[in-house]
Structures are given as structure tokens and as C-alpha cells.
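Residue numbers (the working numbering), protein chains in the order written: chain A, 1 to 111; chain B, 1 to 114.
One structure is given here, and the rest of the page talks about it.
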Amino acid sequence: GENVEQHPSTLSVQEGDSAVIKCTYSDSASNYFPWYKQELGKRPQLIIDIRSNVGEKKDQRIAVTLNKTAKHFSLHITETQPEDSAVYFCAVAGGADGLTFGKGTHLIIQP
Amino acid sequence: DAGVTQSPTHLIKTRGQQVTLRCSPISGHKSVSWYQQVLGQGPQFIFQYYEKEERGRGNFPDRFSARQFPNYSSELNVNALLLGDSALYLCASSLYLAGGYEQYFGPGTRLTVT
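And the structure:
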């Protein structure tokens, strides 16, 4: 089955700096790559996604890049703000087996 | 515009008991998926239903079962509860079969098995 590795497990950045979270996957047939943000005690919230026919997608301060050849994708957050503090999960889908999630990155924004 | 809803919010059960969790998808969505999230981990896929049929199953024992109703709502059943079943159970709603479509999560049901 699909295997998703996510790094780093914890990331601490100064407010206003950029944060980058990286994921790799194993199944070359996977074609959908969403990112979720989960605040403590709340549901995972879809923040951005990308499909295999696109290399990059941007939504305001958030961007995702995909390298299908290398089987890795990354989340980029620019001009970080205190409200960006949360756990971020990457996920991968390729068929009817639902999403396979990474283990999560705890993003800490230092004031 | 209601999002995904789940009930109950919290549940405490004893080992060996059975539990039923409920989910209502976003209006117009036809696919429901269930995930188990253990503290400190990412959600793990249990089932996916689309048009009332099981379309995918994760690596969970047969004690876990689910169904989807004609109104697209869904139930997850867990029999013979074990301590290790304690987790947040999340339901996700998707417009179509969820492989390449956005999945939106409900608030979850926190199950504690004692």
C-alpha cells in the first residue's frame, strides 16, 4: 500500500518568516495531494490541494509544489502569523482506498 | 450551509461492548469515508462508501463495519471494543468517489474505551 513520509515532525519559525513542510510518497499511481491543518481539539481542515497534472498551486500565503518524478510534494507558508500555529498533515490519494496521511508536522510560530 | 456533522461528540464504553457512530455528509455529497485518529498521529483510513456501496477498506479488523443510507448518511459500527480502539473517529464527505476529490471532515466522535 501507499507509504507517506512527512518531515519535519516539529518546525519552529519566527513570525513573518517562511515555513516549508515536505512529504514523500511511494505509489507512482497516486494523483491527488491535499494538505490539512488541524488545531488542537478540532477537525482537520483542507487548506490546499494539488493534482498530478499540475506542478504548483498558490493560494495567498500558501503554496504547494509537486514533483511527480521524485514522488515528493511540499507545503510553503510565507509571512507566517500566530494563527498559522497548528499541526499540518499531508495526504495522498490514488483510488478508492481513501487518503493516506503523513504523521504530521507541529508548526510553532514564535512571536 | 451545514458542513459534515457527527454524533455523538463523546462516548465512553467498556471493553467488549459495541458502539455505533453516525455521520451526515454535506448536502449533495454522495461519498462518505471514515478515519481513525489516534492521539499524535494522522488519520488512518477505515472505509469509503459511495452511492451506498463499500468502495474501499483500510487495514482494520472485521470488528469494524459500516453502511451508507439512501440519504447518504452513514454509520460506523465497532464490535467487541478493545482499549486500543480509543481514538477520534472522523467522517469525511466528498462529492464523488473520494480518490481525487476534496474530502471535508466532520468534528469527530471521541471514543474512550475503559
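Glycine included, every Cβ here is placed at the ideal spot set by N, Cα and C.
| Check | Outcome |
| --- | --- |
| Residues of the region 45-75 of chain B whose Cβ lies closer than 7 Å to any Cβ of chain E, in chain order | Any reference to chain E falls outside this structure, whose protein chains are A and B. |
| Alpha-carbon spacing of Glu-79 of chain A relative to Asp-97 of chain A, whole angstroms | 35 Å |
| First and last residue of the uninterrupted beta strand (DSSP E) at Gly-56 of chain B | 53-57 |
| Host beta strand (DSSP E) of Glu-5 of chain A (start-end) | 4-7 |
| Partner residues on chain B for Asn-31 of chain A, Cβ-Cβ distance less than 7 Å | Gly-100 |
| 7 Å Cβ cut-off: residues of chain B touching Arg-51 of chain A | Gly-100 |
| Chain-ordered chain A contacts of Tyr-121 of chain B [CB-CB under 7 Å] | Nothing in the structure corresponds to residue 121 of chain B, since chain B is present only between 1 and 114. |
| Min CB distance Leu-101 of chain A to chain B below 8 Å | Checking the sequence shown, residue 101 of chain A turns out to be Phe, not Leu. Closer than 8 Å: yes. |
| Helix, strand or coil at Leu-40 of chain A according to DSSP, with G and I counted as helix | coil |
| Nearest-angstrom Cα separation, counted from Tyr-25 of chain A out to Phe-73 of chain A | 9 Å |
| Alpha-carbon spacing of Lys-22 of chain A relative to Leu-75 of chain A, whole angstroms | 7 Å |
| Residue burial classification, Asp-62 of chain B (beta-carbon count within 10 angstroms, cutoff 16) | exposed |
| Cβ neighbours of Val-38 of chain B in the same chain (closer than 6 Å, five flanking residues each side left out) | Ala-87 |
| Limits of the beta strand (DSSP E) - the one that Arg-51 of chain A falls within | 45-51 |
| Partner residues on chain B for Gly-104 of chain A, Cβ-Cβ distance less than 9 Å | Gly-40, Gln-41, Gly-42 |
| Secondary structure of Leu-107 of chain A, DSSP reduced to three states | strand |
| Sequence-distant residues of the same chain with beta carbon closer than 8 Å to Ala-66 of chain B, five excluded per side | Trp-34, Ile-46, Phe-47, Tyr-49, Glu-54, Ser-74, Glu-75, Leu-76, Asn-77 |
| Classification of Pro-8 of chain B by the beta-carbon crowding that lies within 10 angstroms, buried from 16 upward | exposed |
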